[in-house]
Structure formats: structure tokens, C-alpha cells
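A.B. asks:
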Amino acid sequence: AQKITQTQPGMFVQEKEAVTLDCTYDTSDPSYGLFWYKQPSSGEMIFLIYQGSYDQQNATEGRYSLNFQKARKSANLVISASQLGDSAMYFCAMREGSGGSEKLVFGKGTKLTVNP
Amino acid sequence: NAGVTQTPKFQVLKTGQSMTLQCAQDMNHEYMSWYRQDPGMGLRLIHYSVGAGITDQGEVPNGYNVSRSTTEDFPLRLLSAAPSQTSVYFCASSRPGEGTDTQYFGPGTRLTVL
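Chains as they are written, first to last, in the working numbering: chain Y, 40 to 155; chain L, -15 to 98.
1) Taking C-beta pairs closer than 7 Å, name the residues in chain L that residue 84 (chain Y) reaches, listed in chain order.
2) Taking the beta carbon of residue 55 (chain Y) as the centre, do at least 16 other beta carbons fall within 10 Å, making it buried, or is it exposed?
3) In three-state terms, what does DSSP make of residue 35 (chain L)?
4) Kindly list, in the order they appear in chain Y, the residues whose Cβ is closer than 8 Å to that of residue 86 (chain L).
5) Are the CB atoms of residue 5 (chain L) and residue 59 (chain L) nearer to each other than 8 Å?
6) Please state whether DSSP places residue 51 (chain L) in a helix, a strand or coil.
7) Taking 8 Å as the threshold (beta carbon to beta carbon), is residue 35 (chain L) in contact with chain Y?
8) Using 10 angstroms around the beta-carbon of residue 93 (chain L), count the other beta-carbons present and answer buried if the total reaches 16, otherwise exposed.
9) Counting only Cβ pairs nearer than 8 Å, list the residues of chain L close to residue 130 (chain Y).
10) I'd like to confirm something about residue 76 (chain L): is its beta-carbon nearer than 7 Å to some heavy atom of the ligand COA, or not?
11) Tell me whether residue 143 (chain Y) sits in a helix, a strand or coil according to DSSP, three-state version.
12) In the segment 141 to 153 of chain Y, which residues sit with their C-beta less than 7 Å from some C-beta in chain L, listed in chain order?
13) Could you tell me which whole alpha helix (DSSP H) segments of length 4 or greater appear in the segment 68 to 92 of chain Y?
14) Considering only residues of the same chain and omitting the five flanking positions on each side of residue 94 (chain Y), which have a CB-CB separation below 7 Å?
15) In the DSSP assignment, the beta strand (DSSP E) including residue 152 (chain Y) goes from what residue to what residue?
16) For my contact list, residue 32 (chain L) and residue 142 (chain Y) are in at a C-beta cut-off of 8 Å; report their separation, rounded to the angstrom.
Structure follows, in C-alpha cells:
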């Protein structure tokens, strides 16, 4: 069974609008971390945002926020006020355990295209 | 800080050849990892290390060897390259206890095996 599922192979959004990228996860470990990475066409992996399983509040980093719904095992990325430079692949990843384990499991990604 | 560096950026090998992908970090991170990314896939963990002298296998370790003699370096060796190892390889490093334990990725090495 997949541990990280990203059901949207591609998404389109108009510039300046908000967009939500879906991510669901599967784990029985009570302690875990969820990450979102951006991969532009140049290929590098850019860390965007992190949510710990015990964090009480949803994580936010500038225009990025993570909609963490623990009971539904979802960790959706919300990008507000989309910009042309947001066009990229976006990967959701999970680390099981409370640090000390560097095994990240990635989803297959969502390709986001921002239209002018 | 240069962060995580990888060499080479591109490499073409013939089936059966061996080579080493280099990875170095200057952030004094204890943890280092190697991932591969195939088309239409996310990254998959090959090997990882929690400190000098300590390595372990990830999800897809077959055909690869690693060693960690220093904190800074974590080379990945392909013993006998196969076309199935054509991929983009990413090295990453992190230090536990830095809040998010975020892994910092290198720029990647694009490997083609003919």
C-alpha cells in the first residue's frame, strides 16, 4: 500500500488565485512528520513546509500553508496568491518516527501550472 | 556554506561500468541519504547514514554500495551499471533536533546507462 498518495497528477491555477494540492498518508506510527517540496524544471528539490504529527496548529510559511487533518490522514498544501514562478512539481513526503530516522517516503507528485 | 554538493551533474555509462557519485556537505550534518528519482515517480531512498561509519539500506539498495568515512562525504558506488539505474540521483543531509529535521538536497546527478 502506498504510504503517500497524491491524486492530482496535474493542476492548473490562474495567477493570483489560491490552489490546494492534495496529499493523504498512511501510517500506524503516532509520531511522524510531513513535508512538502517543490521541484522546478531546473530539477532541484526545495523544502517548503513541515508539519509534525503532534503540532497543534497548521504550519504556515509565507504564502504556503499546510491543511493538516489528522483524523483523515491528509496534509494538503495551500498556496495563496499564486505566482508564475510557482509552476513546478510538488511532492508530499512523510518521515515516520520522531526524528533519528531519515527515511523519507515521497508521493508521485503534482505538476502545478500557473496561468497568466 | 556551499550546502550539499554533488558531482558530476551529468554522466553517461555503458552497461557493466562502475562509477562513484560524489556527495559532500559542509553543514556538519550527521544524517546523509541517497535517493533516486525516476520519471513519473517521487524520490525513493537507496541508502542512508546516521553518522560516520554507520550506513543502512533504504527502499531500493540493490546494485549500490555506500560508505561514510567522514561526516562530510557520502559517496554512492554503482558496481556494475545497468540500464535500470538510469535515473536522477539526489543526495540529502540533515541534523536531528533542528526543529523540522528538514533534509537539504543537493542539485542532483543525471545518470544515463546505455
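We treat Cβ as the ideally placed atom computed from N, Cα and C, and that holds for glycine.
Given the structure is predicted, the values throughout are model-derived calculations rather than measurements.
C.D. replies: This is what the structure gives:
1) Chain L residues near residue 84 (chain Y): 74, 89.
2) Under the 10 Å beta carbon count, residue 55 (chain Y) is surrounded by fewer than 16 other beta carbons and is classified as exposed.
3) Strand, per DSSP.
4) Within chain Y, the residues 74, 86, 89 have their CB atoms less than 8 Å from the CB of residue 86 (chain L), given in chain order.
5) The answer is yes: Cβ separation under 8 Å.
6) Looking at residue 51 (chain L) - three-state DSSP - the assignment turns out to be coil, as it is neither helix nor strand.
7) Cβ-Cβ to chain Y under 8 Å: no for residue 35 (chain L).
8) Residue 93 (chain L) comes out buried.
9) The answer, in chain order, is 26, 27.
10) Questions concerning the ligand COA fall outside what the structure shown contains, since it holds no ligand whatsoever.
11) Correct three-state label for residue 143 (chain Y): strand.
12) So the list reads 141, 142, 143, 145, 146, 147, 148, given in the order they occur along the chain.
13) Uninterrupted alpha helix (DSSP H) stretches at least 4 residues long and entirely within the segment 68 to 92 of chain Y do not occur.
14) Cβ contact annotation for residue 94 (chain Y) (same chain, cutoff 7 Å, sequence separation greater than five): none.
15) Note, residue 152 (chain Y): beta strand (DSSP E), 149 to 154.
16) The Cβ separation is near 7 Å, so the contact holds.
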